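**Student:** Questions regarding the structure given below will be posed in turn.
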Amino acid sequence: MPAISFQSVAKTFSGARGDVHALTDVSFDIQAGEFFGLLGPNGAGKTTLISILAGLSRATRGRVTVMGHDVVTDYAAARRSLGIVPQELVFDPFFSVREALRIQSGYFGVHHNDAWIDELLAHLGLADKADANMRQLSGGMKRRVLVAQALVHRPPVIVLDEPTAGVDVELRQTLWQFVARLNKEGHTVLLTTHYLEEAEALCGRIAMLKQGRVVALDRTSALLAGRASTMLRFKMDTPLPASLAAQSRVTGRIVQIKAHDAREVEAILATLREAGGQPEDLEIGRADLEDVFLEIMQGEPERVAA
Amino acid sequence: MNGALSGARTLLYKEVLRFWKVSFQTVAAPVLTAVLYLLIFGHVLEDHVKVFDSIGYTSFLIPGLVMMSVLQNAFANSSSSLIQSKITGNLVFLLVAPLSHWAWFVAYVGASMVRGLVVGSGVLLVTLWFAPLHAVEPWWIVIFAFLGAGMLGSLGLIAGLWAEKFDQMAGFQNFIIMPMTFLSGVFYSVHSLPSFWQTVSHLNPFFYMIDGFRRGFFGVSDVSPWFSLGVVGTSFLVVSGVALHLLRTGYKIRH
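So the protein sequences, as listed, match chains V and E.
Reading the first sequence from the start, the letters are residues 1 to 306 in my numbering.
Reading the second sequence from the start, the letters are residues 1001 to 1255 in my numbering.
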């Protein structure tokens, strides 16, 4: 039995300007114990899919189950199996951290679990904030409380919807160590993130969404091996020649161009030389998940250098 | 089932704790408001308004003010809690929890009733200094206070689900709840009104809540308390049915 199963899920929003298809026929399973990444650009439908899973939103068609429980017809059992860390930094200003955690736990019918609450607080670096009011916490601290609230009823499946957006390095490290430990202990983790290096480091398997469809679904290693090859990276102050600009990824001075083999590298360098460009800090490296992501999102099968 | 019950209990506890933490604003302030009404209207109108025979105007006014406070605060509790949670986004904590629509209903309406009855009791305790009052038929007091608080708590739930902005909520409060409470006979006996306005008053369910509640103190009322019970009970069932339906279908909260 998969931990999460999406079966032909579709979501259509009806608006004044006609129907918007946020999700079209999305199907995949996440097995128990997996660390699974859900990637895609803004507006691809990641949060809509998570919302349907969590019961915040209803699918127009299709079916979603959590640990075998349908999220609509058997919502109570499905939600008990699920811990959701929402994307928005929300909090209830009336309560302290400990009160918020006790109340959240109580909603799930779990009471008198202060030992676990203390453990959560300690692991998330919140022990000294237990009695502080939610309003007094910094953004990063509020984010930690959201993680604790999602875990307070000990769900077997954890969903993190862009948990590190706008979060400092220290919290990111604390969070990933903690989540990785929970995953080792058997929890299934579904992560959406914009930080592709995080997904590459943590997720065993990845699905990529584009305009509401699954456009890639594979083991992270297979995605990296199967798609992109090597990348030529260098820094340059002058503009790229037009023939190269179209196939390059430029971040400030840094230019990255895909090159399959030595001949392609030579061809690129020759083109640069002819245009009078002076590449610095030249290096050739393996493609990372970001390259794969961009290649898939641009939707072009294979591009040939030079 | 046990888990579902304890979930509802936690939500009820959280909703009560929410208003209790700001009780200066949610309990003390409405008690003060009611006392001001009593001082001003009681003083100005004591010798001018004719109500029931042998009952002084101030004595007559007190049960009306108590019931008005019960109703307004029961409405304010569920409606403001829901709209605040919707606008700040923390309603998500409830939406991801395995709580049934019954659990939501019992908790939100239950907490509204607690607040309404606490404020009402406060108003009664303070205003008793100003005029003698005896509970002649106390069961009517209890029945109408509970039913009225429950109905306004449900109405607040509906308003809280419907409103998307604070000004929509203020509109609901100012254009529906306030006129219906003020035109329900809190400050006068409807028998003193011209016949047209008497007819209009009889279409207002709030009138029957106030009249039935007052019956418990004086043993006299504008209409039979059994008839009032029928009207108020039916209104409560209708409003609760609508609130439960909206919760079950996730109206404006599950998209």
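Note that the Cβ used here is the ideal one computed from N, Cα and C, for glycine as well.
All figures in this text were calculated on a predicted structure; none of them were measured in a lab.
Helix, strand or coil, according to DSSP, for residue 65 of chain V in the structure here?
**Tutor:** By 1-based counting over the first sequence, the position of residue 65 of chain V is 65. Three-state DSSP puts residue 65 of chain V in a strand.
**Student:** In terms of residues, what are the limits of the beta strand (DSSP E) holding residue 284 of chain V?
**Tutor:** Position 284 of the first sequence, counting from 1, holds the residue named residue 284 of chain V. Its beta strand (DSSP E) spans residues 280-286.
**Student:** Residue 184 of chain V to residue 33 of chain V, Cα distance in whole Å?
**Tutor:** By one-based count along the first sequence, residue 184 of chain V stands at place 184. By one-based count along the first sequence, residue 33 of chain V stands at place 33. Between residue 184 of chain V and residue 33 of chain V, the C-alpha separation is close to 8 Å.
**Student:** From the DSSP output, in three-state form, read off residue 1167 of chain E for me.
**Tutor:** Against the second sequence, residue 1167 of chain E aligns to sequence position 167. Of the three classes helix, strand and coil, the one that applies to residue 1167 of chain E here is helix, per DSSP.
**Student:** Listed from N- to C-terminal order along the chain, which residues in the region 84-113 of chain V have their beta-carbon within a distance smaller than 7 Å of any beta-carbon of chain E?
**Tutor:** 84, 86, 88, 90, 91, 92, 94, 103, 104, 106, 107, 108, 109, 111
**Student:** State the beta-bridge partners of residue 291 of chain V as determined by DSSP.
**Tutor:** The residue you call residue 291 of chain V lines up with position 291 of the first sequence. Answer by DSSP bridge pairing: none, since residue 291 of chain V is not bridged.
**Student:** Would you call the CB atoms of residue 175 of chain V and residue 191 of chain V closer than 8 Å?
**Tutor:** Your numbering for residue 175 of chain V matches position 175 in the first sequence. Your numbering for residue 191 of chain V matches position 191 in the first sequence. No, these two residues do not count as a Cβ contact at 8 Å.
**Student:** Measuring CB atoms only, is the region 290-300 of chain V touching the region 78-88 of chain V, in the sense that at least three cross pairs come out at less than 8 Å?
**Tutor:** no
**Student:** Is there a C-beta anywhere in chain E that falls below 8 Å from the one on residue 63 of chain V?
**Tutor:** Here residue 63 of chain V refers to the residue found at position 63 of the first sequence. So, not an interface residue.
**Student:** Decide if residue 1166 of chain E is buried, meaning its Cβ has at least 16 other Cβ atoms within 10 Å, or exposed.
**Tutor:** Start at 1 with the first residue of the second sequence, and residue 1166 of chain E comes out as number 166. Result: exposed.
**Student:** Tell me which residues share the same chain as residue 1065 of chain E and place their Cβ nearer than 8 Å to its Cβ, disregarding the 5 neighbours each side in the sequence.
**Tutor:** Position 65 of the second sequence, counted from the first residue, corresponds to residue 1065 of chain E. Hits under 8 Å: 1034, 1037, 1038, 1123, 1127, 1186.
**Student:** In whole angstroms, what separates the C-alpha of residue 1061 of chain E from that of residue 50 of chain V?
**Tutor:** Within the second sequence, the letter at position 61 stands for residue 1061 of chain E. Within the first sequence, the letter at position 50 stands for residue 50 of chain V. Roughly 55 Å between the two C-alpha positions.
**Student:** Please decide whether residue 56 of chain V counts as near chain E, where near means a Cβ-Cβ distance under 8 Å.
**Tutor:** Reading the first sequence from its first residue, position 56 is the one you call residue 56 of chain V. So, interface residue.
**Student:** For the alpha helix (DSSP H) containing residue 1031 of chain E, name the first residue and the last one.
**Tutor:** Residue numbering aside, residue 1031 of chain E sits at position 31 when the second sequence is read from its first letter. Its alpha helix (DSSP H) spans residues 1029-1045.
**Student:** Between residue 55 of chain V and residue 22 of chain V, is the Cβ-Cβ spacing less than 8 Å?
**Tutor:** Within the first sequence, the letter at position 55 stands for residue 55 of chain V. Within the first sequence, the letter at position 22 stands for residue 22 of chain V. Their beta carbons are not under 8 Å apart, which means residue 55 of chain V does not touch residue 22 of chain V by this criterion.
**Student:** Between the region 1088-1100 of chain E and the region 1214-1227 of chain E, do at least 3 Cβ pairs fall closer than 8 Å?
**Tutor:** The region 1088-1100 of chain E vs the region 1214-1227 of chain E: no contact.
**Student:** Tell me, please, whether the region 139-153 of chain V touches the region 65-73 of chain V by the rule of three or more beta-carbon pairs shorter than 8 Å.
**Tutor:** Short answer: they don't touch.
**Student:** Just to make sure I have the definition right: I need the residues of chain E whose C-beta is within less than 8 Å of the C-beta of residue 75 of chain V. Which are they?
**Tutor:** To locate residue 75 of chain V, count along the first sequence from 1; it is residue 75. By Cβ distance, chain E contributes 1098.
**Student:** Can you give me the start and stop residues for the alpha helix (DSSP H) that residue 1284 of chain E sits inside?
**Tutor:** It is not possible to answer for residue 1284 of chain E, since the shown part of chain E is limited to 1001 through 1255.
**Student:** Residues in its own chain within less than 6 Å of residue 1206 of chain E by CB, not counting five upstream and five downstream?
**Tutor:** Walking along the second sequence from the start, residue 1206 of chain E turns up at place 206. Answer for residue 1206 of chain E: 1180, 1181, 1184, listed in chain order.
**Student:** Given 8 Å as the limit, is there contact between the region 1071-1082 of chain E and the region 1013-1027 of chain E, that is, 3 or more CB pairs closer than that?
**Tutor:** yes
**Student:** Ordered along the chain, which non-local residues of its own chain (more than five positions away) have a Cβ less than 6 Å from that of residue 1005 of chain E?
**Tutor:** Along the second sequence, one-based indexing puts residue 1005 of chain E at 5. Around residue 1005 of chain E: no qualifying Cβ.
**Student:** Please state whether the Cβ-Cβ distance between residue 1119 of chain E and residue 1150 of chain E is less than 8 Å.
**Tutor:** Here the question's residue 1119 of chain E lines up with position 119 in the second sequence. Here the question's residue 1150 of chain E lines up with position 150 in the second sequence. Going by C-beta atoms, residue 1119 of chain E is not nearer than 8 Å to residue 1150 of chain E.
**Student:** With a 10 Å radius around its C-beta and 16 neighbouring C-beta atoms as the bar for buried, classify residue 1007 of chain E as buried or exposed.
**Tutor:** For the purposes of this step, residue 1007 of chain E is identified with residue 7 of the second sequence, where counting begins at 1. Burial call: buried.
**Student:** Rounded to whole angstroms, what's the CA-CA distance from residue 238 of chain V to residue 161 of chain V? Just pull it up for me.
**Tutor:** Here residue 238 of chain V is taken as the residue at index 238 of the first sequence, counted from 1. Here residue 161 of chain V is taken as the residue at index 161 of the first sequence, counted from 1. Taking the straight line joining both Cα atoms gives about 40 Å.
**Student:** Does any residue of chain E bring its CB to less than 8 Å from the CB of residue 80 of chain V?
**Tutor:** The count along the first sequence starts at 1 and reaches residue 80 of chain V at position 80. At a cut-off of 8 Å between beta-carbon atoms, residue 80 of chain V makes contact with chain E.
**Student:** Determine which residues share a DSSP beta bridge with residue 258 of chain V and list them.
**Tutor:** Within the first sequence, residue 258 of chain V is the residue found at index 258, counting from 1. Paired residue(s): V:231.
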